[in-house]
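**Student:** Residue numbers (this note's numbering): 557 to 1000.
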Amino acid sequence: MYIIKLKSKDQENEGLNRTVGVWGLSANIVNIIVGAGIFVLPAIIAETMGASGVLAYLFCGLLIGLVMLCFAEVGSKVTHSGGSYTYVETAFGPYPGFLVSIFFLMGNVFADAAVSNALVEILGIVFPQFKNQYVRVLTLFLIFAGLATLNVVGVKQGIGLVKINTVAKLIPLFLLITIGWKDVQLTNLYWESTPTIKQFGEASLILFFAFQGGDAGLTIGGEIKNPQKTVPRAIFIGISFVLFLYIMIQLVSQGVLGNELTNFKEAPLAEAAKVVFGPIGYTLLFVGTGISMFGMISGSILNSPRVLFRLSRDGVIPFSRLASIHHLFKTPYLSILLYALLGFTIASIGGFRQLAVIATSSMLLVYFGVSLSVLRLRKMKALDNGGFKIPFGYTVPLLSAGIILFFLSNLTGFEIRGMLILIVILTVVYFSIGLYKKWKKNNG
């Protein structure tokens, strides 16, 4: 039987001060969402939809807003740690929770692999040697091995590197969208044609890569003042700001470069900055792009292995050694090393666009499970603890789940078959583990 352990209100707040208000939570959401993807995706979106690409941004902004509201509600009901897989497991049981945990890890690993590929590609613009396949693989190895070593040595060293990313990624973007309008040609923003549903779906699927992750901004729920009002307001402000920033970036880069934007898939914003600011602007955006990408990977290798460690310690995945702590550095070193090895391996055999689509589809499956969890958890009276509840009844979770299904419908037949085969394999693994544990118990 699955047992839900609830904490009292006093237990939940023990040691925590509710000091985070609307603007603080909004800033936290913005900082987490704005990552490395937006430095690369404008050219890919322009290639698919042209100047009408802003429609895909609006659609992705709507979805992530709905998803985050779902996270806010389930997070206020299920108070024990574990994030997405805990919410789904509480709502539907261990098997769906297991699937969500694997897709969550897949989403993170493939995202790191995609961004590391993009990082090597932009290095190849200035240093052609990086376009050599052997040099590319060696560089990827050094990135993952170096960051893994840094994080094994200690979390303080890892988080210190992550802090650099916040300023490095936002300042160049603000400079580009505020000053870049002087070089925008309005003719470059005219829609030559209305995008088809297929184009719209394909563009939205890959663009969502730049929007995912915002749910992590809600993990400080125990320190939010008046969460019933603060959470929805902060989500609205944070998503609106991200949406505005992204649309401005797309409009400026499209308006400055026009049809040429699609020719600069490695560093489209740096090329736009070159027109706006000259060589200095190119260098600024180029370096900012590289630092942001490197910072995103470093932050992920800092945080994601802890999820792997937690899943192993809780018995969600059958690899108990991954819960080992280094005797000297006191870090989950095996989880860190395995995560980095997976990231390097996947990065070595794929490119940014393909890996970004897989990362996005994996996380969309996680978000789909969380959206449905809202419906289930509302019927569980044991979890009726007076937490945050999304207004408008079942509209938000159902709309969120429906849009996610539309996104996933734009996967290719090969990708859909791959996902289904993976689910079958994971199902066999899950139930095989269960049978093995039962046999071991009966014969132990």
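Glycine included, every Cβ here is placed at the ideal spot set by N, Cα and C.
Spatial neighbours of THR818 within its chain, please: CB distance less than 7 Å, with the 5 preceding and 5 following residues excluded, ordered by chain position.
**Tutor:** ALA599, ALA602 and GLU603
**Student:** Could you please give me the residues that DSSP links to ILE793 through a beta bridge?
**Tutor:** Bridge partners of ILE793: none, in fact.
**Student:** Take PHE697 and list the residues in its own chain whose beta-carbon comes closer than 7 Å to its own, dropping the five residues that flank it on each side.
**Tutor:** PHE900
**Student:** Assign VAL596 to one of three DSSP states: helix, strand, or coil.
**Tutor:** coil
**Student:** Mind the definition here: the stretch 655 to 665 touches the stretch 897 to 914 only if three or more C-beta pairs lie below 8 Å; say whether that holds.
**Tutor:** yes
**Student:** Buried or exposed for ASN782, please, with buried defined as at least 16 other CB atoms from any protein chain shown within 10 angstroms of its CB.
**Tutor:** exposed
**Student:** Does the stretch 945 to 962 come into contact with the stretch 615 to 627, if we say contact requires no fewer than three beta-carbon pairs (one atom in each stretch) closer than 8 Å?
**Tutor:** The stretch 945 to 962, when compared against the stretch 615 to 627, does touch it at the 8 Å Cβ threshold.
**Student:** Please return the same chain residues whose Cβ sits closer than 6 Å to the Cβ of GLY591, not counting the five positions on each side in sequence.
**Tutor:** MET852
**Student:** Below 7 Å CB to CB, which residues in the same chain sit around GLN806 once its five sequence neighbours on both sides are set aside?
**Tutor:** PRO598, ILE601, GLY609, VAL610 and TYR613
**Student:** With a CB to CB cut of under 8 Å and the five nearest residues on each side skipped, what residues in its chain are close to THR695?
**Tutor:** The beta carbon of THR695 lies closer than 8 Å to those of VAL676, LEU679 and PHE686 in the same chain, with the five residues before and after it left out.
**Student:** Under a three-way DSSP split, which group does ILE857 fall into?
**Tutor:** helix
**Student:** Quick check: what's the CA-CA separation for GLY855 versus SER672?
**Tutor:** Linking GLY855 to SER672 through their CA atoms gives a straight-line distance of about 13 Å.
**Student:** May I have the straight-line CA-CA distance separating ALA669 from GLY906, to the nearest angstrom?
**Tutor:** When rounded, the distance between both Cα atoms is 8 Å.
**Student:** Based on the DSSP secondary-structure assignment, which residues constitute the bridge partners of ILE959?
**Tutor:** Looking at the DSSP assignment, ILE959 forms no beta bridge with any residue, so it has no partner.
**Student:** Measuring CA to CA, which of SER860, GLY649 and ILE699 is closest to LEU933?
**Tutor:** The residue with the shortest Cα to Cα distance from LEU933 is GLY649.
**Student:** To which residues does DSSP link VAL812 through a beta bridge?
**Tutor:** In the DSSP assignment, VAL812 is bridged to no other residue.
**Student:** Thinking VAL576 and VAL798 are a contact (beta carbons under 8 Å), I'd like their distance in whole angstroms, please.
**Tutor:** The Cβ separation is near 18 Å, so there is no contact.
**Student:** Between the stretch 912 to 924 and the stretch 942 to 950, do three or more beta carbon pairs fall short of 8 Å?
**Tutor:** No: fewer than three Cβ pairs fall under 8 Å.
**Student:** With distances taken Cα to Cα, identify the nearest neighbour of TYR923 among LEU954, LEU894 and LYS997.
**Tutor:** The residue with the shortest Cα to Cα distance from TYR923 is LEU954.
**Student:** Using only alpha-carbon positions, find the residue among VAL832, VAL872, GLN810 and LEU920 that is nearest to GLN768.
**Tutor:** LEU920
**Student:** Should LYS830 go down as buried or exposed, given a rule of 16 or more other Cβ atoms within 10 Å for buried?
**Tutor:** So LYS830 counts as buried.
**Student:** Quick check: the stretch 973 to 985 against the stretch 654 to 663, are at least 3 beta-carbon pairs closer than 8 Å?
**Tutor:** Because the criterion of three Cβ pairs below 8 Å is met, the stretch 654 to 663 and the stretch 973 to 985 touch.
**Student:** Roughly how many angstroms separate the alpha carbons of VAL596 and MET936, rounded to a whole number?
**Tutor:** 43 Å
**Student:** Using the Cβ count rule (16 or more neighbours within 10 Å means buried), how would you classify SER860?
**Tutor:** buried
**Student:** If ILE681 sits next to ALA823, beta carbons under 8 Å apart, how far is it from one beta carbon to the other, in whole angstroms?
**Tutor:** 6 Å
**Student:** Kindly indicate which three-state DSSP category SER564 falls into: helix, strand or coil?
**Tutor:** Only weak support exists for where SER564 lies, its pLDDT of 40 falling under 50; the value from the coordinates is given anyway. Looking at SER564 - three-state DSSP - the assignment turns out to be coil, as it is neither helix nor strand.
**Student:** In whole angstroms, what is the alpha-carbon distance linking SER988 and PHE654?
**Tutor:** 13 Å
**Student:** In the DSSP assignment, what residue or residues form a beta bridge with ILE727?
**Tutor:** DSSP lists no partner for ILE727.
**Student:** Skipping 5 residues on each side, what residues in its chain have a beta carbon closer than 6 Å to that of VAL691?
**Tutor:** A distance below 6 Å between beta-carbons, with the five flanking residues on each side excluded, links VAL691 to the following residues of its chain, in chain order: GLN685.
**Student:** Where DSSP assigns a beta bridge to ILE780, which residues make up the other side?
**Tutor:** Its beta-bridge partners are VAL576.
**Student:** Does the beta-carbon of LYS994 have 16 or more other beta-carbons within 10 angstroms, so that it is buried, or is it exposed?
**Tutor:** exposed
**Student:** Between the beta-carbon of THR968 and the beta-carbon of PHE765, is there less than 7 Å?
**Tutor:** no
**Student:** Measure the CB-CB distance between TYR643 and VAL952 and report whether it falls below 7 Å.
**Tutor:** no
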